[in-house]
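In the order they appear, the protein sequences are chains A and B.
Residue numbering for the first sequence follows my numbering, starting at 1 and increasing by one per position.
Residue numbering for the second sequence follows my numbering, starting at 1001 and increasing by one per position.
Here the structure is laid out as structure tokens; the discussion comes afterwards.
Protein chains: 2
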Amino acid sequence: MHQRPVSFRLKNVPASPIRKLVPFAVAAKKEGVGVYHLNIGDPDIKTPEVMINALKTWDRNPISYEQSQGNPAFLTSLKTYYERLGFSFVDEKHIQVTTGGSEAISMAIFATCNPGDEIIVFEPFYANYNSFAAVNGITLVPIITELSNGFHLPDREVIEKKISGKTKAILICTPNNPTGTVYSKQEMDMLVSIAKDHGLFFLSDEVYREFCYEGKKHMSLFSYMEAIPNQAVVLDSLSKRYSICGARLGCLVSLNEEIMAGVLRMAQGRLSSGLIDQIMASKLTEVPGSYTEQVRKEYQMRRDVLFQELSSIDGVELPPKPEGAFYAVVGLPVVDAEDFCTFLLTKFRDNNETVMLAPAAGFYATPNKGRNEVRIAYVLNADAIKRSVEIIKKALISYNI
Amino acid sequence: MHQRPVSFRLKNVPASPIRKLVPFAVAAKKEGVGVYHLNIGDPDIKTPEVMINALKTWDRNPISYEQSQGNPAFLTSLKTYYERLGFSFVDEKHIQVTTGGSEAISMAIFATCNPGDEIIVFEPFYANYNSFAAVNGITLVPIITELSNGFHLPDREVIEKKISGKTKAILICTPNNPTGTVYSKQEMDMLVSIAKDHGLFFLSDEVYREFCYEGKKHMSLFSYMEAIPNQAVVLDSLSKRYSICGARLGCLVSLNEEIMAGVLRMAQGRLSSGLIDQIMASKLTEVPGSYTEQVRKEYQMRRDVLFQELSSIDGVELPPKPEGAFYAVVGLPVVDAEDFCTFLLTKFRDNNETVMLAPAAGFYATPNKGRNEVRIAYVLNADAIKRSVEIIKKALISYNI
């Protein structure tokens, strides 16, 4: 008999726009070309020593399963972390440890939406939301934000117009990936009010919480959680905060008991998150405040260097300086940024070096939006950023001839 | 407005029958009661030193993202492992590293089935298949196997009768969890022939491959993979093989290019599996063959002790000794094994000790099947197993009075 086909939904899972050009980068490196990676939020900042030491002094054998909700010491350290932020109402029972922030996002979508349901997002948005939407069979309903005003939110009416009978949730990311935008108190007030009025879940991805610049205060959904206890779900990750992207640890936090019981059942299906990563990360309460402060300063400086250097390139369209995270979406003087990014990796070399960028089109759901834009992750040191922008500048000249 | 409800599918995710009694065990331990854990396949066998040393000599900082397909060194070590088993056609490109065998199962189901599609399984089956089926919106179609003949497969006609237009795959586990059954060459020949004749995907969960006793040879789907290259998918895990359940590493292996490209896109969505776990596990090629041999002997001895001891209890229904893995499904002289398991944890103490077992009903999809059965994981040393069976024996007397 003829072989039955793979699922149609497998075909619908998009390639990561952050990672789809990886084969070109790998090929370039094989040729001996140096590649500056501004395409992915994988920082060069050191992981805190107290975490690395947890590996070096490892004394458990065997490496056994952990509890499905999470390692008890790690759960307690997360509770302490939220308490120090001023959210002392968060208890261990409100926290589900996840395998990366990725799993937290995926679980939250699954928990709140049936197949065919809709989630409001603001585009450009974190590209992997598309992947989780495809896997979970739900539709992202994008609302455009604009480069010119730093990708801040549109008026309430614009948002409410997109809410339908199928809408189950609003999903935001603040500080934002890919734009670096930090939503103001007014913006958060508005979204909470919309969620309340329409009975929507409010999913807030806050993995860059600590990265706010020039004294900008982060407005967390935690500040509203007790007001909308059954609607608010915070999605978190340790990857950026402690520069442990490879540790695959995040969490989902909610006061909604039905959601917490459900995601625990989901977590039981995959048994547990990694034991070693959790033991290491449970040291987070011992990471000195100066670590976070230094990292924040370092990123602010890098952002300033990036914008300073980019402003010297003719035709580059810069938004107002992003207030947080370590990304910026900028317009390039090209028609198709993906083609330019491919050109950088496959054809352009300056002193045998090139740069990898993420085409921004993958961060939009609306066709043809952001085609000339790229996302730049300023995760390299200032010298590397300067050199990268120099390469981009030369490449643009060469590309546009 | 009234709050919109959580998704109906969240409600459909079942609690793990292996883990649902955990709160009772935690409460017992808080009272100072010793609990023998025969409920979960979390071995007391030591992780190989060469892996533990990879942690102790850790020299990477920061802990960065790994490639979505997997750490290159780890992929190569997996290729070498399969080569040593005699399957030299397996290349790195045929391997997707997964976060535990759990993710491999979930990805395989997603990749092959649309919502509403069916997968043939043989019950009792690994309970978390229910969880992955619920999350992926597919239906498991169970075919009963019987304790009396060691849970071996029924005749071809019985299986073919269950194949419908919606059937997309056959999913097996050999050596089996929860029964310990190792399918013979005749059984594997038959299943491959059925998959061929009906154009079905053949998903084979082989995480206990090394655990076959008394010289019983494991028949892997790898032996048929080149004959049905687009249909065969092997699901694997390192958890049991190297006693690193907490490391959350497995892989999905297939020659089907469409499946491999699709699961890579899924993997990109969640960025990568854990870096530390992969670096540690890439040492698998340095684990001496004597490690596996000793572990196998240890389990065989434990199995023999378990069956010897259990046979002394009146009314216990034993299958023929399982040929592999480290589980057995046995019938107890009770009506409702879950109630008895709860009794053990909440009420029964012998010398302030008790035993945790997994009620087998959760391993069946057919209502009321296996209600008097439990799954016993013989993952503790012989003395602990003897003592556990002694406790079970006394508890049965107390329970049945």
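From the three backbone atoms N, C-alpha and C, an ideal C-beta is built for every residue, glycine too.
Local Cβ density within 10 Å of residue i, reported as buried at 16 or more and exposed below that
i, result
"residue 1117/B", "buried"
"residue 167/A", "buried"
"residue 1156/B", "exposed"
"residue 1068/B", "buried"
"residue 1379/B", "buried"
"residue 1180/B", "buried"
"residue 20/A", "buried"
"residue 1397/B", "exposed"
"residue 1079/B", "buried"
"residue 161/A", "exposed"
"residue 312/A", "exposed"
"residue 434/A", "Here chain A comprises residues numbered 1 to 401, so residue 434/A is not present and cannot be evaluated."
"residue 1023/B", "exposed"
"residue 1277/B", "buried"
"residue 1108/B", "buried"
"residue 309/A", "buried"
"residue 15/A", "buried"
"residue 27/A", "exposed"
For residue i, three-class secondary structure by DSSP
i, result
"residue 1357/B", "coil"
"residue 148/A", "helix"
"residue 1069/B", "coil"
"residue 140/A", "strand"
"residue 312/A", "coil"
"residue 122/A", "strand"
"residue 336/A", "coil"
"residue 1376/B", "strand"
"residue 325/A", "coil"
"residue 211/A", "coil"
"residue 165/A", "coil"
"residue 941/B", "Only positions 1001 to 1401 of chain B appear in this structure, which leaves residue 941/B out of reach."
"residue 1202/B", "strand"
"residue 1396/B", "helix"
"residue 1317/B", "strand"
"residue 1015/B", "coil"
CB contact flag (residue i, residue j, <9 Å)
i, j, result
"residue 370/A", "residue 337/A", "yes"
"residue 1248/B", "residue 1223/B", "no"
"residue 1003/B", "residue 1264/B", "no"
"residue 1331/B", "residue 1344/B", "no"
"residue 85/A", "residue 204/A", "no"
"residue 240/A", "residue 54/A", "no"
"residue 13/A", "residue 178/A", "no"
"residue 1213/B", "residue 1347/B", "no"
"residue 1005/B", "residue 137/A", "no"
"residue 262/A", "residue 1010/B", "yes"
"residue 1112/B", "residue 1192/B", "no"
"residue 194/A", "residue 170/A", "yes"
"residue 271/A", "residue 229/A", "no"
"residue 1260/B", "residue 1094/B", "yes"
"residue 50/A", "residue 253/A", "no"
"residue 244/A", "residue 47/A", "yes"
"residue 1074/B", "residue 1227/B", "no"
"residue 1106/B", "residue 269/A", "yes"
"residue 151/A", "residue 128/A", "no"
Beta-carbon proximity list for residue i, same chain, < 6 Å, skipping 5 on both sides
i, result
"residue 1250/B", "1098, 1100, 1101, 1104, 1236 and 1237"
"residue 1052/B", "none"
"residue 122/A", "143 and 145"
"residue 333/A", "315"
"residue 185/A", "219"
Same chain, Cβ closer than 7 Å to residue i, five either side skipped, listed in chain order
i, result
"residue 359/A", "17, 337, 338, 341 and 374"
"residue 1377/B", "1038, 1039, 1040, 1041, 1326 and 1327"
"residue 434/A", "Lying outside 1 to 401, the shown extent of chain A, residue 434/A is not represented and no answer is given."
"residue 216/A", "182, 323 and 324"
Same chain, Cβ closer than 8 Å to residue i, neighbours up to 5 away in sequence not counted
i, result
"residue 36/A", "353, 354, 355, 356, 380, 384, 387, 388 and 391"
"residue 1081/B", "1284 and 1285"
Counting pairs of Cβ atoms below 8 Å between the stretch 100 to 120 of chain A and the stretch 132 to 144 of chain A, do you hit three or more?
-> yes
Is there contact between the stretch 372 to 387 of chain A and the stretch 60 to 78 of chain A, where contact requires at least three CB pairs shorter than 8 Å? no
Meets three-Cβ-pair contact criterion under 8 Å: the stretch 347 to 367 of chain A and the stretch 138 to 153 of chain A: yes
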